[in-house]
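Novice:
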Amino acid sequence: MPEMTTGQAIKEALSLCLDSNDTTFIAGEDIGVYGGAFGVTDGLLEKYGHERIKDTPISEDVIAGLAVGAAITGSKPIVEMQFSDFIVNAMDPIVNQAAKLHFMYGGAVNVPMIVRGASGAGTGAAAQHSQSLESWFCHVPGLKVVTPSNPQNAFDLLLASFVDPNPVIFMEHKLIYKLKSEVNLGPMPSDSSELGKSKVIQEGNDITVVSYSNMVNSVISAAKEDSLTDYSIEIIDLLTLAPMDSESVINSVEKTKRLLVCQEAPASSSVGSTLISEVATSRAFKALNQSPELLAGLHSPMPSAKHLETTVIPQEEDIVQKIKEMIENEQ
Amino acid sequence: MSKENKLELYRMMLLIRLFEEALEEMFSRGLLHGTMHLSIGQEATATGACLALEKKDLITSTHRGHGHCLAKGADPYKMFAELLGREDGYCRGRGGSMHIADLSNGNLGANGIVAGSLTISVGAALSLKMQKIENIVLCFFGDGAVNEGSFHEALNLASLWDLPVLFVCENNQYGMSMASENAVAGGSITQRAESYGIKSVSIDGNDVEEVYETVSKCKEKIKSSGKPMFIESITYRYRGHSKSDRNLYRTSDEINFWKEEKDPLKRFIGKLTEEKVEIDELKKVEVEVKNLIRESVKKALESPESPKTNLEEDSYA
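Same order as they appear, the protein sequences are chains X and V.
Note that my numbering numbers the first sequence so that position 134 is 134, with each residue one more than the last.
Note that my numbering numbers the second sequence so that position 299 is 299, with each residue one more than the last.
(1) In the DSSP assignment, the alpha helix (DSSP H) including V:Phe-268 goes from what residue to what residue?
(2) Under a CB-based cut-off of 7 Å, is X:Ser-192 close to chain V?
(3) For X:Thr-240, list the residues DSSP reports as bridge partners.
(4) Measuring straight from C-alpha to C-alpha, what distance separates X:Ala-154 and X:Ser-213?
(5) Applying the 10 Å Cβ sphere with the 16-neighbour rule, what's the burial state of X:Ile-58?
(6) The alpha helix (DSSP H) with X:His-102 in it runs from where to where?
(7) What are the residues that DSSP puts in a beta bridge with X:Val-209?
(8) Assign V:Gly-186 to buried or exposed, taking buried as 16 or more other Cβ atoms, counted over all protein chains shown, within 10 Å of its Cβ.
(9) So, are the CB atoms of X:Lys-54 and X:Ala-27 less than 7 Å apart?
(10) Could you give the first and the last residue of the continuous alpha helix (DSSP H) run that contains X:Lys-180?
(11) Of all the options X:Pro-151, X:His-129, X:Ser-84, which has the alpha carbon lying nearest to the alpha carbon of X:Trp-136?
(12) Ignoring anything shorter than 3 residues or poking outside the region 83-144 of chain V, list the beta strand (DSSP E) runs there in chain order.
(13) Decide if the region 118-137 of chain X is in contact with the region 179-187 of chain X; the criterion is three or more beta carbon pairs, one per stretch, under 8 Å apart.
(14) Identify, in the order they occur along the chain, each residue of the same chain with its Cβ nearer than 8 Å to the Cβ of V:Ile-203, setting aside the five sequence neighbours on each side.
(15) Output needed in chain order: residues of the region 53-64 of chain X with a Cβ under 9 Å from some Cβ in chain V.
(16) Taking Cβ-Cβ distances below 9 Å as the criterion, which residues of the region 74-91 of chain V are in contact with chain X?
(17) Is there a Cβ from chain V that is less than 7 Å from the Cβ of X:Phe-103?
(18) List the residues that DSSP assigns as beta-bridge partners of X:Ile-114.
(19) Please give the ranges of any beta strand (DSSP E) in the region 180-232 of chain V, keeping only runs that are unbroken, at least 3 residues long and fully inside the region.
(20) Take every Cβ of the region 165-181 of chain V, pair it with every Cβ of the region 121-141 of chain V, and state whether three or more of those distances are shorter than 8 Å.
(21) Please name the residue in V:Leu-32, V:Tyr-196, V:Ala-101, V:Gly-205 whose C-alpha comes closest to that of V:Leu-160.
(22) For V:Tyr-316, decide whether its Cβ has a neighbour in chain X, counting only Cβ atoms nearer than 7 Å.
(23) Flag V:His-99 as yes if its beta-carbon sits less than 7 Å from any beta-carbon of chain X, otherwise no.
(24) V:Thr-35: which of V:Glu-43, V:Ser-97, V:Leu-15, V:Tyr-316 sits nearest, CA to CA?
(25) Since V:Val-137 contacts V:Ala-125 with CB under 8 Å, what's their CB separation in whole angstroms?
(26) Taking its Cβ as the centre, do 16 or more other Cβ atoms sit within 10 Å of V:Thr-62, making it buried, or is it exposed?
(27) Could you tell me which chain V residues have their CB closer than 9 Å to the CB of X:Thr-274, listed as they occur along the chain?
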């Protein structure tokens, strides 16, 4: 298996999408000659030409609306919001149009499109280029929301999103772009059944730690810390946030009796708060031996300075401490 | 234009007028849930524009879209059924007045967001171009839409990428209560289109033949040049914005002037009579349309309600 970064794995997936469907195009800001602000689409213009790799003006509203119009007329578009923060300029086409048309028109149309965007902090890009807005889209019926965490699942999930007949918001955390691993470049899947499935990264019995996007990588590192070696930690990567695989989390919590959710986004009305509410109102409630905990970003815009940025985002040591606290408090 | 063609324009304008008058009556009898936006007074634009298109040409429509939908070939029965929340409705009762789509006739759907369909029309036109389909997309929107950002983004991209879109601004002079003259800086809507390099023209939107001829010419020009075009069609709505409007922002003199002097149906009947079309022929059309409306309403009222399926599942394809 070839070794590659997440950025390269996404590019491989995009190539496969373009090869498999003549109606597929990619549109977005600086995706052509420039190769994408994060280099993801580098080289695609040379391979597929201007007809299919479409540099757009800085116009997020029409980039997303373009995808909706193309999707309901037999095309399968993929568009890029350079920084996912810019998606706020495209909320009408995504929320009022893409998410609604299938339902609103009584099932007469499907809107198969992908909106990709670079999300998250850690690069010092400050308040308007660092947000994790994924929960906004989870709140909208009709949308699917996907957050990969490494090269392999980014490749697999982008393909699954491509064969899904619904609009998919695909949030790529900036810090996963350079993660490197071997990737099995499998063929185009025949259906999108991979969407909506979480993955158990590590099995354990003492606590269930759930996360998504780049925070999963922090959780994996935290679990390897010396001070936690005595504990058996189950780690779940949600992968798809809408629809969310809360059933797998509920099953896990029934076994471990403890739940910690870690996320970069602030807690209010978030993925983690929803997940905890689902677990607390499920059959797993009786199994819990203490309150579930949510380790989330501070309720603050993202600062630029490194020492302040790391104050807002939960760090590995915060996760280690929280896991210890939860397990030891009980014993 | 042949006499048959003219009678078809008349028939369609009358169908739209009577369809919406029937809706008003049903509304006052408490049969309809929700609100609606009537286009009474604007029939010439919808009729002239859609009848100049081919079946495979696409349209996008607005919250005031009954006329566009009918003129693009929709079945009045399925429209009434939709407004009544019946299973036979175009959207099985999920869309209602504001969201009727009729893909089989090239109607990509009515949109409740002002300027919401402009960017969609650009994407649909890109599909046509990439798939080498020689049709156009006609995008209807109102004067209110020209002050939305998506209007500008859509026109800019359609022009840059040479996309086959005919933008048709139905300028009925008010965005809800906001007079267009108080809303459009610079005063000219067509100049805005011209500034994006899009050829544009302003026409009498209550003259059905002028609308038909202009759209026909634009359609051919778009097909030969591959470039978008823009029509401002000046018209007027007699009814309020929606059912809750008290018409505080305009005078009854103004409304009456348009009804008496500029009504598209009256004017066209006058013209047809001048051209020696027999009253009997017009009468025959009228009877046929009235019967169609009556039968459609009756059938829709008798048709089954949309069943309560799993709406959460219906949200996804």
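Beta carbons: idealized from backbone N, C-alpha and C, even for Gly.
Specialist: Answer, in terms of the structure:
(1) Unbroken alpha helix (DSSP H) run through V:Phe-268: 264-274.
(2) Answer no: the Cβ-Cβ gap between X:Ser-192 and chain V never drops below 7 Å.
(3) Partner(s): X:Val-146.
(4) Here the alpha carbon of X:Ala-154 sits roughly 10 Å from the alpha carbon of X:Ser-213.
(5) Here X:Ile-58 is exposed, its C-beta having fewer than 16 other C-beta atoms within 10 Å.
(6) Boundaries of the alpha helix (DSSP H) harbouring X:His-102: 101-104, taken from the DSSP string.
(7) In the DSSP output, where bridge partners are listed per residue, X:Val-209 has X:Ile-235, X:Leu-260.
(8) Under this definition V:Gly-186 is an exposed residue.
(9) Closer than 7 Å, so yes.
(10) Per DSSP, X:Lys-180 belongs to no alpha helix (DSSP H); it is in the beta strand (DSSP E), 180-182.
(11) That would be X:Ser-84, whose Cα lies nearest to the Cα of X:Trp-136.
(12) With a minimum length of 3 residues, the continuous beta strand (DSSP E) runs that stay inside the region 83-144 of chain V are 107-110, 137-142.
(13) As far as the Cβ criterion goes, the region 118-137 of chain X does not touch the region 179-187 of chain X, which means the pair count is below three.
(14) By the criterion of a C-beta distance shorter than 8 Å, V:Ile-203 is surrounded in its chain by Glu-210, Val-211, Thr-214, Ile-231, Glu-232, Ser-233, Ile-234, once the five residues flanking it on both sides are discounted.
(15) Within the region 53-64 of chain X, the qualifying residues are Lys-54, Thr-56, Pro-57, Ser-59, Glu-60, Asp-61, Val-62, Ile-63, Ala-64.
(16) The region 74-91 of chain V vs chain X, Cβ under 9 Å: Glu-82, Gly-89, Tyr-90, Cys-91.
(17) The beta carbon of X:Phe-103 sits closer than 7 Å to some beta carbon of chain V.
(18) Beta-bridge partners assigned by DSSP to X:Ile-114: X:Ile-78, X:Val-168.
(19) Runs found: 199-204.
(20) Touching, yes.
(21) Nearest neighbour of V:Leu-160 by Cα position, chosen from V:Leu-32, V:Tyr-196, V:Ala-101, V:Gly-205, turns out to be V:Tyr-196.
(22) Among the CB atoms of chain X, one or more fall inside 7 Å of the CB of V:Tyr-316.
(23) Output row for V:His-99: interface = yes.
(24) The candidate whose alpha carbon is nearest that of V:Thr-35 is V:Ser-97.
(25) Between V:Val-137 and V:Ala-125 the beta-carbon gap is near 5 Å, inside 8 Å, which marks them as a contact.
(26) With 16 or more other Cβ atoms within 10 Å, it is buried.
(27) Chain V residues near X:Thr-274: none, gap ~15 Å exceeds 9 Å.
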